[in-house]
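These notes concern the structure reproduced below.
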């Protein structure tokens with residue numbers, strides 16, 4: 005494991021725990037949200053794609069901040085070389101934000 009991952013994991017340990025649906029907060033704090041997104045990025049960066057996907061699925065299932073998790077899923081699909089799936093996700097994101105040049109660029113890289 006990389007040192008950066010271990011350090012980030014120590015900071016993100018609390019964010020890695022998934023509360024049960026009945027006790028799930030109505031909204032993550034900004035710090036918890038950033039930690040969870042950062043941990044997902046680190047899992048992908050470290051090549052732990054299965055763990056990253058499971059972590060993303062758990063966070064997406066909580067039902068809030070789904071846009072950020074959808075973008076992460078598109079990036080994960082691209083990393084997995086599943087470019088057609090990544091492109092489909094970027095297209096769906098662009099339907100909601102047609103002027104987002106970052107999403108357009110990412111879509112172009114997948115096609």
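In my numbering, the protein residues as written are 5 to 115.
Note that CB positions come from ideal geometry on N, CA and C, so glycine has one too.
Owing to the predicted nature of the structure, the values given are computational and were not obtained by experimental measurement.
For residue 65, the uninterrupted alpha helix (DSSP H) run begins and ends at 53-65, by DSSP. Remark: three or more beta-carbon pairs, one from each stretch, lie closer than 8 Å, so the segment 51-60 and the segment 73-83 are flagged as touching.
Per DSSP, reduced to three states, the secondary structure at residue 33 is coil, with no helix or strand assignment. The three-state reading of DSSP puts residue 86 in coil, since its state is none of H, G, I, E or B. Shown here for residue 65: not one same chain residue has a beta carbon closer than 6 Å to its own, the five before and five after excluded.
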